[in-house]
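Residue numbers (the numbering used here), protein chains in the order written: chain W, 1 to 161; chain E, 1001 to 1161.
Down below is the structure, laid out as structure tokens.
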């Protein structure tokens, strides 16, 4: 019923609230970046907290690729009620996760002019991935890009210590 | 698995983020009130949006009391995975909804000294109730109070036009 969309609505409101603080209707790149960082770090902490709730057998996943597969399947279904559409890797610590219809982008109009608005709808989820990976013992950098709305791609680059 | 707690974690982060903006560690009553208003209005818009997703038969509920019962049962289960513990009314448009173990308060330590922190964990939900009621055609004022953590009480006063 309504529970599946609760996260989505709340996320929309968070984004709106952050950008509502902008007195300037056309905020500079600095303010824009600060908001994206805030969203990313909220996502990171939510991801960490979710990670701590995972069943023990998940925490015991030893292979990096298995952890990434877990995110694409279980985490995505839990948060977005769908699986990630594809996962590719260069087998050297870089993973590309593609969602051909990312729920947080679906409500955006699909014109090309909106592509520049997309980062604010991706920052939280980048953090969510990074935070969950962190709890699972993998330090990473996560970025996102949009080619054609509502498809997007998350790139995870594992940081070897 | 993790989906049940996603809303809770996200809510915690929202509250933390709003209060993080306070440069002053002991913000004045004005700033405190502004943050509570922000949370309440985010809750309102999420409630409105959720209301619009309700099945048609819910929207057709004609009796005020039935609408309130619906919130206590269906809405609460969807958002908090539990039902409200009791619902009382004076049959004159005032309803008292009691949750003896409100999920958003459970993580708070239960000392008396934390009771004054409680409003920030209740404001969003007051808005959520007000917003859902609004979509169901009922204009209301919703306030919350805490007697002993983690129990709390929401009071809904219907505004007759």
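Positions of the beta carbon are idealized from the N, C-alpha and C atoms, including for glycine.
For residue i, the three-state DSSP class (helix, strand or coil)
i	result
residue 9/W	helix
residue 88/W	strand
residue 153/W	strand
residue 41/W	helix
residue 1148/E	coil
residue 1140/E	strand
residue 68/W	helix
residue 83/W	coil
residue 1016/E	helix
residue 122/W	coil
residue 1061/E	coil
residue 97/W	strand
residue 74/W	helix
residue 1103/E	helix
residue 1055/E	coil
residue 1034/E	helix
residue 1028/E	coil
Cutoff 8 Å: residue i Cβ touching any chain W Cβ
i	result
residue 1067/E	no
Chain W contact residues for residue i, given Cβ-Cβ distances below 7 Å
i	result
residue 1049/E	9
Cβ-based burial, residue i [other Cβ within 10 Å; buried from 16]
i	result
residue 48/W	buried
residue 90/W	exposed
residue 1142/E	buried
residue 116/W	exposed
residue 28/W	exposed
residue 1018/E	buried
residue 147/W	exposed
residue 1099/E	buried
residue 51/W	buried
residue 127/W	buried
residue 1057/E	exposed
residue 63/W	exposed
residue 65/W	exposed
residue 1030/E	exposed
residue 1055/E	exposed
residue 1140/E	buried
residue 156/W	buried
residue 1137/E	exposed
residue 1130/E	buried
residue 1016/E	exposed
residue 107/W	exposed
residue 1037/E	exposed
residue 144/W	buried
Residue-level contact to chain E via CB, residue i, 8 Å cutoff
i	result
residue 45/W	yes
residue 17/W	yes
7 Å Cβ cut-off: residues of chain E touching residue i
i	result
residue 13/W	1042, 1045, 1046
Within chain E, partners of residue i - CB distance below 9 Å
i	result
residue 38/W	1017, 1020
Identity of the residues DSSP links to residue i by a beta bridge
i	result
residue 158/W	140/W
Any chain A beta carbon closer than 8 Å to residue i
i	result
residue 80/W	Among the protein chains in the structure shown, which are W and E, there is no chain A.
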